Every structure is written in C-alpha cells, then in structure tokens.
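Once you know that position 325 of the sequence shown is 322 in this note's numbering, the rest is easy, because the numbers rise by one and skip nothing.
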Amino acid sequence: MFDSTFLSTKFSRRDLCKVAVGSTLSFMLPGFDLKAAQKRGPERQKSVIILWMGGGPSQLETWDPHPGTAIGGPGNAIKTVVPGLRISDMYPLLAEQLDGMSVIRSMVSKEGDHERGTKYLKTGYRPEPTTVYPALGAIITHQLPNKNLEIPQHISMGNTQFPARGGYLGGHLDAFRVQDPGKNIGNMRAGVGAPRQNRRLDNLNVVSQAFQKGRSIQTQKTLHQSTIDRALTMMSSEQLHAFEIEKEPESVRNAYGDSSFGRGCLVARRLVEQGVHSIEVNLSGWDSHANNFTGHQTQAKILDPAFSSLLKDLKARDLLDSTIVLCIGEFGRTPKINPLEGRDHWPTGFSCVVGGGGLKGNVIIGETDPTGKEKDPTEPVQIQDLYATILQNLHIDYKKELISPIGRPLALSDGTPIQKLI
C-alpha cells in the first residue's frame, strides 16, 4: 500500500506559457496596486462545508414550497431577506440569514436509488463498476493540501450510511469520520503512560526495520507507515481543540441546538478557523415515504437553528467570503402525495442552497411546476455543473485530468460552471 504517486497531471507547454504570461500581465493591469496587495498579505485559503441531508429532503417542505396547491401539502411559505425568495415556514431563523446565499430549484439527477444517488451527488459522477470516484471533499483535499494541518484535512461528522470516500485518489483521502461531533473522539489519547507508549513505538520501529531487511519495499514510504505517523502527530496536536465545543459560550452552543448535527455545524466553523478545507456534516432521516409533513417538521427543528447559526457565525467572523456552504441531499421528493401522507423519491427538480466563498449570492435558479404536471424544471442543473462551479471558485482546474490506477485519464469534473453563480 503506497501513497498515490501514480496519479499524474497532464501539463502541456501551452499551459505553462499561459501561467507565465498571465502572471506577468497581472502586474500590468489597470488598478493593480502591488503595495496594497503586499499589505493585505496572502489571501485566506477557502474551505467547503457540505451539509448533507441523507435520505433526500422534500423541496416542497424546504426551499421550493408551493402552498395552496394540490401538491403543496399543509405547509406555508415565508419571505426571506433575499428579494423574491420564499421558503418553507418551518425555517424562520434561516429566512433571516440567507443573505448572500443562492437557491437552485432545478437540480436534476438520473439516480433515484439512495446508494447510487448519494455516490453520484457526492462525487459528480454516476457510479460505475470499474472506477470508484472521489467525493468532492477528497478532490479539494488532494488539490489544496495544507501542510500546516496536523489534523485530517477531509472530515465527515455525524451518522451516514455512505461516507465520503477518496476513491481512485486513495484511501488516505477518505473522510475522517466523527460520529458525534463535539464529544470526545475515541483513541486520541494513549491508553498507557508516555514512557510505555514510547517503548511501544520503539518496538514497532524495530519490527518495521526487520521487515524491511531483504525486501525492496521501503516501509517508511508505505501508506501503513504514513498513517501511523499522521495519527501520532494528530494525537499531540493543539488543533484537536477545534472539536472541544465546551470552550464555546453556552449561548453559542444553545443557538446551534442540542443535536449531533448542531454540534457538527459548530465544530465545522471551528475547523474552518483551523484551515480545514473539506468538511461534511450529516443529517439523516429525510426518507419520508410516510408522514412526510410531521417528519419534516422534526427535521426542521434540527436544521433551522444549526444552519442559521452557522451562517450567522461565519458572517460575524468574516469567514463566509472564504467558505462555500452547500446544503443538499441525494434527491428530492415527489410532488404527488402518496396514501401514507408521504412523498417518494424524486431525482427531477429538487433543491439545494449554496453560497459563500466568493460565489454570487441572492440568486434563484430554476422553477418547478406548481401543479406538478410538468416533470422537468426550467434551467436544469446537474451536480457536475455545480461541482465544476465550486472547483473553479476554489481556483482548481475542474478540467484537470488525473491518471487512475488502471491508466485511465479522468477529469476532476465533466460539468460546466453555472454562470449565474460566478
């Protein structure tokens, strides 16, 4: 097991020329102030927080309500701070914090199964038997490594059946999973005293050296050894304090809500402050084939305070301009209400909220038919288009090709950036 050094990037001579010329011309642009740029210092690296709604929330009970119609259900809509944007009345706190965020009401997918839909929406590629594609967070971590971090750069919090994976980029880019954020992380402290722990490590080193003798393999370069090294570094890192939300004022903790998801959103903000690029917070329980309306009321009591507090906190700390926040699930729910007062899987015309990190805010993309008779939404958006937009905004070339372990060139995204968000 080795680090993925077999992954190579294709650069042409033309690409290198573009970089050289572009770097030179940037200093010749009108209004470019070198002294001002030097005074500002390096731009804060961007992070991405994905609020993953596992199970598929109903667009009609979240970001695309149609009250008073045959498909609208018993809920109502309320105004938000974004002109022209109305959302479900289950989200009064969030309605006051959506300034700068955008809503896409025309997400479309070709996958209506939970597992396949989740893999597609987390990676931007439909699942296939020959290739395991990396999640967006793994791509960002691979392309924007932070050498100053002593804790994982790709973190997933909360319970999820289908965690974010490193795919062909390697298992070392799988998301580091924290089941209940804000509580003690297991195995972060040695179970024995320091002297005994050091003796154990010395003995492990002796075994590793003995294993290496007579073999061409260099054990210090294996993924096994690098995993041990990273774990030891993490165990002694001050950056682990990001998970200690008890250091936050009680009023702040209460604002996010006493739930695993609420704690995860608070930790996500603290991880952004540490420089972690890729953070996922999971809220499962949206699969509402029965009792859709009461189920969404229960979920909203968790999502509304947590999501709104996260946005409020990021704005107050001047972090939203460098942090993209995306709230999305694997699909939406059917406009038609079934006999069990539920809604079934609907990969056509569902909604997500996205913004921050320099993306254009206060934009509403797409419309769905309030009667439910017209299946296709206006301005359909595929997940690969959204991910191409995010990658481009992070200054990552979404068209960049990496070579997979079987020698296949694969672009980071085969989508097209959404111009309305740029």
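Yeah, the Cβ is synthetic: ideal placement off N, Cα and C, and Gly gets one too. Remember, it's a predicted structure, so these values are computed and weren't measured experimentally.
Close CB contacts of residue 264 within its chain, under the 7 Å cut and outside five residues either way in sequence, are with 154, 178, 179, 239, 240, 242 (chain order). Assigned with DSSP and collapsed to three states, residue 136 falls in helix. Residue pairing for residue 83: DSSP places it in a beta bridge opposite 76. According to the DSSP assignment, residue 247 belongs to the alpha helix (DSSP H) that extends over 247 to 253. With respect to the 8 Å criterion, residue 148 and residue 175 are not classified as neighbours on the basis of their beta carbons. Nearest to residue 356 by alpha-carbon distance, out of 419, 310, 406, 347, is 419.
Contact annotation, residue 391 with residue 398: C-beta distance approximately 18 Å; criterion of less than 8 Å not satisfied. The C-alpha of residue 163 is placed about 33 Å away from the C-alpha of residue 340. If you draw a straight line from the Cα of residue 317 to the Cα of residue 97, it comes to about 9 Å. A distance below 8 Å separates the beta carbons of residue 56 and residue 348. The Cβ neighbour count for residue 107, taken over all protein chains shown within 10 Å, is under 16; the residue is labelled exposed. The C-alpha of residue 274 is placed about 19 Å away from the C-alpha of residue 228. DSSP lists 48, 154 as the beta-bridge partner residues of residue 278. Annotated as proximal: residue 53 and residue 328, with beta-carbon spacing under 8 Å. Per DSSP, residue 265 is one residue of the alpha helix (DSSP H) stretching across 257 to 271.
Three or more Cβ pairs drawn from the stretch 294 to 312 and the stretch 82 to 102 lie within less than 8 Å of each other, which places the two stretches in contact.
Contact between residue 60 and residue 278 does not hold, since their C-beta atoms are separated by about 18 Å, which reaches or exceeds 8 Å.
The beta carbon of residue 69 sits closer than 8 Å to the beta carbons of 57, 62, 63, 367 from its chain, once the five residues preceding and following it are set aside; these are given in chain order. A straight line joining the alpha-carbon of residue 396 with that of residue 202 spans about 42 Å. The DSSP-derived three-state label of residue 174 is strand. Shown here, residue 408 sits in a strand according to DSSP, grouped into three states. Each residue's CA atom was taken as its position, placing residue 261 and residue 301 some 14 Å apart. Here residue 297 is not near residue 338, since their CB atoms are 8 Å or more apart. Counting along the chain, residue 99 sits inside the beta strand (DSSP E) bounded by residues 98 to 105. Under the DSSP assignment, residue 386 falls in the alpha helix (DSSP H) whose first and last residues are 380 to 390. Under the 10 Å beta carbon count, residue 405 is surrounded by fewer than 16 other beta carbons and is classified as exposed.
Here the C-alpha atom of residue 128 lies approximately 43 Å from the C-alpha atom of residue 78.
The three-state reading of DSSP puts residue 330 in strand, counting E and B together. Annotation: the continuous alpha helix (DSSP H) that includes residue 204 extends over 191 to 209. The beta strand (DSSP E) runs lying completely inside the stretch 300 to 348 and spanning 3 residues or more are 320 to 326, given in chain order. Out of 270, 293, 271, 268, the CA that lies nearest to the CA of residue 280 is found in 293. Measuring C-alpha to C-alpha distances from residue 414 to each of 403, 244, 402, 393 identifies 393 as the nearest. The C-beta separation of residue 269 from residue 44 comes to about 5 Å, placing the pair in contact by the 8 Å criterion. Counting only residues of its own chain and dropping the five nearest sequence neighbours on each side, residue 271 has a CB closer than 8 Å to the CB of 146, 148, 236, 239. Within the DSSP bridge table, the entry for residue 400 names 406 as partners. The three-state secondary structure of residue 362, taken from DSSP, is strand.
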